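According to numbering that gives the first Met the number 0, the sequence shown is numbered sequentially starting from 0. Notes for the one structure printed next.
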Amino acid sequence: MVVFFFFYLISTQITLSQVLLQNHLASNKIEACLLLTRMGTMLFTFLYIISFFGVNPYSCYYKALLSNAATSALRLHQRLPRVELSQNFLARLLLEDSLHYLGYSIIFLSCQPFTSLDNHVVLFPVFLFALLHTLTGVSVLTEKMGVDNSGLLRFVEREQRKILKLVSYMEIFLMPLVILMTFQGKCSLVTPFFYYQFLASRYASRRNPYTRTAFQELRLKVERIANQPTCPALLSKLLHSMVRIVSRLSPVQYPPS
């Protein structure tokens with residue numbers, strides 16, 4: 000009798016958790032769709048890297064970018080639900096991180112696939128963003144179900160800064176790769192200009208300062224190397240010239256809202 004009552008309590012708790020989860024998903028349809036598209040990005044990236052069971056890796060590459068584009072579009076709709084034909088709305092739209100990564104997906108969807116290693120670099124930023132936000136979404140769902148998620152929350156808080164910093168460095172190092180792929184005929188001549196605009200938008204982002212911080216750290220490292228007595232004069236001059244060029248190309252920084 001006690002065993003029967005014990006299993007009855009467990010089944011009741013599971014049923015209650017399922018009801019709470021269903022109610023939460025039903026009342027937050029966009030969040031549910033975002034969770035699915037982010038999981039799709041991770042799945043297709045994983046399938047591209049592993050490439051087993053006869054899966055076409057390039058199909059998975061494009062599907063991962065499409066899933067990220069869908070995520071960015073949904074997130075953009077969530078942030079700016081009402082479209083307005085005004086200068087203020089356009090200014091707000093251009094500052095949205097989700098618009099930046101929607102453009103990122105479109106840029107690489109319009110290019111031929113690069114080498115396997117290069118494609119990994121293209122997919123890793125969207126994969127890491129999807130992973131970070133999926134973990135956050137799962138922690139919300141487990142909380143709604145009454146499950147202890149303190150360990151997951153601590154992990155996200157501890158690793159979030161590292162993940163965003165890694166993503167910012169990948170965004171920067173993709174710029175010379177895009178230029179190289181353009182010379183190889185895998186991108187159109189306008190692709191580097193579009194990617195520069197993406198990178199400039201990331202640099203000027205109000206909500207995500209990591210790309211701007213990464214540029215500043217790289218500048219300090221390059222200048223430190225160029226100023227060393229053991230650095231050849233020609234190399235030192237070249238490094239300082241690169242720093243000046245990149246500094247001139249840096250966009251205007253917007254004050255935080």
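Think of the CB as a built atom: it goes at the ideal place given N, C-alpha and C, for glycine as much as any other residue. Model, not experiment: these values are computed from the prediction.
query: DSSP-derived helix/strand/coil call for Pro124; result: helix
query: Distance CB(Tyr194)-CB(Ile106) smaller than 7 Å; result: yes
query: Backbone secondary structure at Val2 - three-state DSSP; result: Unreliable placement is indicated for Val2, whose pLDDT of 34 sits below 50; no coordinate value is reported for it.
query: Simplified DSSP assignment, three categories, for Cys230; result: coil
query: Rounded separation between Met38 and Leu151 - CA only; result: 17 Å
query: Distance between Leu248 and His99 (C-alpha atoms, nearest Å); result: 18 Å
query: Touching by the beta-carbon criterion (3+ pairs, under 8 Å), the segment 28–44 and the segment 57–66; result: yes
query: Helix, strand or coil at Gln86 according to DSSP, with G and I counted as helix; result: helix
query: Leu65 in three-state terms, based on DSSP; result: helix
query: Cβ-Cβ distance between Tyr202 and Pro250 below 7 Å; result: yes
query: Stretch-stretch touch, CB-based, cutoff 8 Å, three pairs: the segment 221–238 with the segment 124–135; result: no
query: Cβ shell of Phe5 (< 6 Å), same chain only, five flanking positions each side left out; result: Caution is warranted here: a pLDDT of 32 is assigned to Phe5, below 50, making its placement in the model unreliable, and the coordinate value is therefore given only provisionally. Answer for Phe5: no residue qualifies.
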